[in-house]
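With the working numbering, letter number 86 in the sequence shown gets 136, and the count goes up by one each step, no holes. Don't be surprised by glycine CBs; every beta carbon is placed ideally from N, CA and C. Small disclaimer: the values here were computed from a predicted structure and weren't measured. Structure, as structure tokens:
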Amino acid sequence: MPQFDALLVVSFGGPEGPDQVVPYLRNVAGGKNIPSAVLDELTARYMLFGGVSPINEQTRALLAALAAELAAHLPGMSVYWGNQFWHPLLAEAVEQMAEDGIRTALAFVTSAFGSYPSCRAYMEEIERARAEVGPAAPEIHKLRLYYNHPGFIEPMAQRITEALAHLPSERRASARLVFTAHSLPVSLAERSPYRQQLYEACALAAERAGRSNWDLAYQSRSPRSTAPWLEPDVAQLVRRLAEHDSPKDIVVAPIGFLLENVEILYELDVQLAELCGDLGINLARTAPVGTHPRFVQMIRQLVLERIDPSAPRLALGASGPWPDLCPADCCLPQP
């Protein structure tokens, strides 16, 4: 059987204080100049929440739950944490792994869907971190995509049911379900399975939540880009629903985000809630799945797949489980 010493949890990262917001945003920009007006606007969003993104706290909670899950079922496997854009950065995590004598590790990325920013970019960042650390860096193998794994779909369906329970019982059946995910430039989406995987995951989660009437919308489009991005934007969709269907209630489920973050808090809990208020629509939002016990169990199952090739590879729907290794040309940023 393959031998792995550790699991590296790879996340986006986020600021944990006002003084970290601008450096964090510059990291996300990757050295590109951010116009001062855009930087001021983005900074103001974070300052609404004290300059703190909940994503790091959520990741710590996931790490604690995952460490307990692995200790109970796969003892001896250490858990590490590295972020793409804020501390602990991936290079810091890989350096610590090397110092601890880790030679071969698995990586779990907190993104269920395949695209350049949600999958391949993380793999590239892991390789940059390994190169920075040097020959002592461990080999790191990414776990497969899990957009249709029951350990992702079933918790998502439960989150939808929990959000519906906050509505008056007589209005639950007529509530409109709207899934959201991070938008992408169309050029990137066309070179990835992102849209297809999203539609499949939404359909699976809606079915298990007993909802036949649902929509998928996008959020978090870059304010600097002039290229076409995936649509509809969630605000556009809600306005269209208000005009044609006049729903009393909308349940928004950010299926594309595993952990709470400022994009959810600001774009859904502030901006979308204000729009719905203006339109006379009651808005309820689901919690992400990232600390759900079944989701944590799923990560352990993904690890076991790589340790024991005879372990079951679980997947819902018709597509089957995603392969461990993506095609070489999958999700390339350029054709």
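Rounded straight-line distance, which links the Cα of R194 to that of S360: Start at 1 with the first residue of the sequence shown, and residue 360 comes out as number 310. Start at 1 with the first residue of the sequence shown, and residue 194 comes out as number 144. About 16 Å.
Segments of 4+ residues assigned as alpha helix (DSSP H) that fall wholly inside the segment 193-236: 200-214
Reduced DSSP secondary structure (H/G/I, E/B, other) of H342: Residue mapping note: residue 342 aligns to position 292 of the sequence shown, counting from 1. H342: coil per DSSP, three-state reduction.
From L333, S270 and E293, residue whose alpha carbon lies closest to that of N311: One-based indexing of the sequence shown puts residue 311 at position 261. Nearest C-alpha to N311: S270.
Span separating the alpha-carbon of L217 from that of I314: Here residue 217 is taken as the residue at index 167 of the sequence shown, counted from 1. Here residue 314 is taken as the residue at index 264 of the sequence shown, counted from 1. About 20 Å.
Contact the segment 248-261 vs the segment 286-298: 3+ CB pairs below 8 Å: no
Within 9 Å, strictly: CB atoms of R180 and V129: The residue labelled residue 180 in the question sits at position 130 within the sequence shown. The residue labelled residue 129 in the question sits at position 79 within the sequence shown. For R180 and V129, no; Cβs fall outside 9 Å.
Inter-residue spacing [alpha-carbon to alpha-carbon] between C169 and S219: Taking the first residue of the sequence shown as position 1, residue 169 is located at position 119. Taking the first residue of the sequence shown as position 1, residue 219 is located at position 169. Straight-line Cα distance between these residues: approximately 40 Å.
Residues near P243 by beta carbon distance below 6 Å, same chain, minus five either side: The residue given as residue 243 occupies position 193 in the sequence shown. Result list for P243: G164, in chain order.
Beta-carbon contacts of L287 that lie in its chain and below 8 Å, excluding the five residues immediately before and after: Sequence index remark: in the sequence shown, residue 287 carries index 237 (1-based). Counting only Cβ-Cβ distances below 8 Å, and skipping sequence neighbours, we find V228, D265 and A267.
N332: first and last residue of the uninterrupted alpha helix (DSSP H) it sits in: Against the sequence shown, residue 332 aligns to sequence position 282. Unbroken run through N332 is the beta strand (DSSP E), N332 to R335; no alpha helix (DSSP H).
CB contact flag (I357, F158, <9 Å): Indexing the sequence shown from 1 puts residue 357 at position 307. Indexing the sequence shown from 1 puts residue 158 at position 108. Cβ distance not < 9 Å, so I357 and F158 don't count as in contact.
Beta-bridge partners of A56, as assigned by DSSP: Stepping through the sequence shown from its first residue, residue 56 is reached at position 6. Beta-bridge pairing links A56 to S128 and A155.
Pair within 9 Å by beta-carbon distance, L120 and L57: Within the sequence shown, residue 120 is the residue found at index 70, counting from 1. Within the sequence shown, residue 57 is the residue found at index 7, counting from 1. If you check the CB distance, L120 and L57 come in under 9 Å.
Rounded C-alpha distance that separates E177 from L214: Taking the sequence shown and counting its residues from 1, the one referred to as residue 177 is at position 127. Taking the sequence shown and counting its residues from 1, the one referred to as residue 214 is at position 164. L214 has its alpha-carbon roughly 42 Å from the corresponding atom of E177.
Beta bridge counterpart(s) of V72 as assigned by DSSP: By 1-based counting over the sequence shown, the position of residue 72 is 22. Note: V72 sits in no beta bridge, so no partner.
Three-state secondary structure assigned by DSSP to D150: By one-based count along the sequence shown, residue 150 stands at place 100. Coil.
Cβ-heavy atom distance, E293 to the ligand COA, below 8 Å: This structure simply doesn't include the ligand COA, nor any ligand for that matter.
Simplified DSSP assignment, three categories, for L309: Start at 1 with the first residue of the sequence shown, and residue 309 comes out as number 259. Of the three classes helix, strand and coil, the one that applies to L309 here is coil, per DSSP.
Beta-carbon proximity check, A251 vs A162, cutoff 9 Å: Position 201 of the sequence shown, counted from the start, is the residue given in the question as residue 251. Position 112 of the sequence shown, counted from the start, is the residue given in the question as residue 162. Yes. Within cutoff.
Proximal residues to H137 (C-beta, below 8 Å), its chain only, five neighbours per side dropped: Along the sequence shown, read from residue 1 onward, the residue named residue 137 stands at position 87. Taken in chain order, the residues that qualify are G63.
CB of Y172 within 9 Å of CB of Q146, strictly: Counting from one through the sequence shown, the residue named residue 172 turns up at place 122. Counting from one through the sequence shown, the residue named residue 146 turns up at place 96. No.
Supposed contact pair Y166 and C381 - C-beta distance, whole angstroms, cut 8 Å: In the sequence shown, counting from the first residue as 1, residue 381 sits at position 331. In the sequence shown, counting from the first residue as 1, residue 166 sits at position 116. Confirmed, Cβ separation roughly 5 Å.
E204 burial status per 10 Å Cβ neighbour count (16 or more: buried): As a first step, residue 204 is located in the sequence shown; it is residue number 154 there, counting from the start. The residue is buried, with at least 16 neighbouring Cβ atoms inside 10 Å.
L319 - DSSP class collapsed to helix/strand/coil: Along the sequence shown, read from residue 1 onward, the residue named residue 319 stands at position 269. The question names Leu, but residue 319 in the sequence shown is Asp. In this structure, D319 counts as helix in the three-state DSSP scheme.
Assigned exposure category for G201 - 16 Cβ within 10 Å defines buried: Start at 1 with the first residue of the sequence shown, and residue 201 comes out as number 151. Buried is the call here.
First through last residue of the beta strand (DSSP E) which encompasses L266: Residue 266 sits at position 216 when you count from the first residue of the sequence shown. Annotation: the continuous beta strand (DSSP E) that includes L266 extends over W264 to Q269.
Reference R274; option with closest CA among V59, L124 and P85: The count along the sequence shown starts at 1 and reaches residue 274 at position 224. Checking every option, the nearest Cα to that of R274 belongs to P85.
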